[in-house]
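Accompanying notes for the structure given below.
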């Protein structure tokens with residue numbers, strides 16, 4: 104970075120700075136904790152000899168702070184996979200259950216929006232397909248933040264909801280399903296060859312808010328990769344060309360992830376087996392009736408405050424998954 108020609112190539116320079124910042128994120132906090140620990144070790148004999156209760160408590164408080172900081176570093180250490188530090192796309196698709204599942208997909212989308220907001224990450228809606236009656240059939244977010252893919256990958260799978268249906272006049276219990284898919288955003292320096300003849304590009308009218316904001320042009324784009332059957336859509340931009348460019352970036356990311364999975368010894372180890380969005384395939388169950396409980400079937404971690412979970416308090420589930428995966 105001290106080279107006189109460092110800024111001659113702007114893209115290369117930004118990559119080096121990003122790598123340096125990543126190293127600094129480890130070195131700085133470790134050096135700080137090391138210094139704090141040295142200070143405690145140096146004072147420890149004096150504290151024992153003086154039997155000063157206030158000083159003892161101050162030292163205990165500092166040790167607790169060090170332990171908390173170490174725990175966070177340990178969680179970050181778990182996110183050492185090839186894609187973990189990258190930004191990602193998070194997609195939600197309604198499954199078995201009709202209108203109920205569309206409403207459940209909307210509830211999940213709000214849960215993730217609040218979770219991402221708590222983390223201070225940036226989120227944008229790439230594509231949205233509303234439900235026929237209520238809720239959404241599908242939604243895709245672009246999420247940017249530190250270790251976004253690493254954390255979000257814990258949510259990949261089928262999510263099951265049990266509740267009294269607001270759409271049932273008989274107030275019966277219903278079970279709904281929705282799937283969550285996570286794909287890392289691959290940078291432009293990774294080459295993925297996509298033959299033009301392998302693509303089918305469709306345009307359609309973007310879903311607008313109505314009134315003066317309604318989109319009257321076919322600016323939304325859907326791209327299908329025929330050899331793999333992968334479909335990506337974008338309606339974020341007003342320009343059809345810009346939406347096509349966003350679709351190609353998403354497709355590139357999905358194809359690269361697929362390529363890595365095919366080379367891995369076990370596809371399940373990387374991303375989990377693909378499952379039907381229905382009974383027996385859920386990674387987590389959210390029960391609102393006849394009692395409140397959210398339970399992860401993989402880690403057995405559970406929380407009784409379902410309302411807090413649906414308001415974005417999902418870190419305990421994510422951390423439990425990451426710890427289990429690492430061990």
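Residue numbers (the numbering used here): 104 to 430. Yeah, the Cβ is synthetic: ideal placement off N, Cα and C, and Gly gets one too. Predicted model, so just to flag it, every value in this text is computed and none were measured.
- The alpha carbon of residue 267 has as its nearest neighbour, out of 146, 392, 129, 403, the alpha carbon of 392.
- The three-state secondary structure of residue 140, taken from DSSP, is helix.
- With fewer than 16 other beta carbons inside 10 angstroms of its own, residue 144 counts as exposed.
- Between the region 215-227 and the region 172-186, the count of C-beta pairs closer than 8 Å stays below three; the two stretches do not touch.
- Under DSSP, residue 300 takes part in no beta bridge, so it has no partner.
- Put simply, the backbone Cα of residue 415 is about 19 Å away from that of residue 204.
- Counting along the chain, the unbroken alpha helix (DSSP H) around residue 412 starts and ends at 409-413.
- The three-state secondary structure of residue 346, taken from DSSP, is helix.
- Per the C-alpha coordinates, the member of 151, 346, 240, 355 positioned closest to residue 201 is 240.
- Beta-bridge analysis with DSSP links residue 327 to 303, 334.
- For a cut-off of 8 Å, the C-beta gap from residue 195 to residue 242 is around 5 Å, short enough to register as a contact.
- Going by beta carbons, residue 150 and residue 158 fall inside the 8 Å limit.
- Per DSSP, the beta-bridge partners of residue 191 are 246, 287.
- Each residue's CA atom was taken as its position, placing residue 325 and residue 190 some 22 Å apart.
- Shortest Cα-Cα distance from residue 167 to any of 181, 214, 136 involves 136.
- The region 295-307 and the region 265-283 do not touch, with fewer than three beta-carbon pairs separated by less than 8 Å.
- Considering only 169, 185, 259, the residue with the shortest C-alpha distance to residue 211 is 259.
- If the five residues before and after residue 342 are omitted, its C-beta is found closer than 8 Å to the C-beta atoms of 322, all from its own chain and listed in chain order.
- DSSP, read as helix, strand or coil, puts residue 384 in coil.
- The three-state secondary structure of residue 155, taken from DSSP, is coil.
- Exclusion of the five residues before and after residue 253 leaves 182, 187 as the residues of its chain whose Cβ lies within less than 6 Å of its Cβ.
- In this structure, DSSP gives residue 112 a state outside helix and strand, which the three-state scheme calls coil.
- Around the beta carbon of residue 126, a 10 Å sphere encloses fewer than 16 other beta carbons of the protein chains shown; the residue is thus reported as exposed.
- Nearest to residue 340 by alpha-carbon distance, out of 334, 231, 162, is 231.
- Membership of residue 263 in the beta strand (DSSP E) is indicated by the continuous run 260-267.
- Beta-carbon to beta-carbon, residue 409 and residue 396 are separated by about 7 Å, close enough to satisfy the 8 Å threshold.
- Scanning 288, 296, 337, 300 for the CA closest to the CA of residue 308 turns up 337.
- In this model, residue 117 and residue 249 are separated by some 16 Å (Cα to Cα).
- Linking residue 387 to residue 146 through their CA atoms gives a straight-line distance of about 48 Å.
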